[in-house]
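Numbering (the numbering used here), first residue to last: 1162 to 1290.
For every residue, glycine included, the Cβ atom is placed at its ideal position computed from N, Cα and C.
Below is one structure, written out as structure tokens; comments come after it.
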């Protein structure tokens, strides 16, 4: 039951995020993480929703922690991308001269989300449990 609760909460968060409802998405990811604190994909997803809400420090922490989890799973490429993302998201857009980071972060987040969806589908299909 815990597994299906985790999956449905994570998927509900993804659904909300895709519809631009980031605070609601963040709430679902918070709840999903109470069921599975080491679910790296959920830490990444919550980080994205936080970045979209300009909660840069929190987003950076989520990406950094997810990187640690991916390293433990021996996936150093994903971990490196997340560490880079964590650094990027911490930057103050005001120092970027215009909306440089804002738009690159948003497009980066969109790309990250598109990369996450197949992963979510793979890891959260009913067969995974």
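- Sequence-distant partners of residue 1186 (beyond 5 residues in either direction) whose C-beta falls short of 7 Å from its own C-beta, in its chain, are 1174, 1177, 1178, 1210.
- Separation of the CB atoms of residue 1201 and residue 1193 is rounded to 12 Å, and the pair is thereby denied contact status at 8 Å.
- With at least 16 other beta carbons inside 10 angstroms of its own, residue 1221 counts as buried.
- In the structure shown, residue 1182 falls within a coil segment according to DSSP collapsed to helix, strand and coil.
- Note that the C-beta distance between residue 1247 and residue 1225 is below 8 Å.
- For residue 1215, the secondary structure class from DSSP, reduced to helix, strand or coil, is coil.
- In the structure shown, residue 1237 adopts helical secondary structure according to DSSP, grouped into three states.
- Residues of the same chain with a CB within less than 7 Å of the CB of residue 1219, apart from the 5 flanking positions on each side, are 1211 in chain order.
- In the three-state scheme derived from DSSP, where H, G and I count as helix and E and B as strand, residue 1252 is classed as coil.
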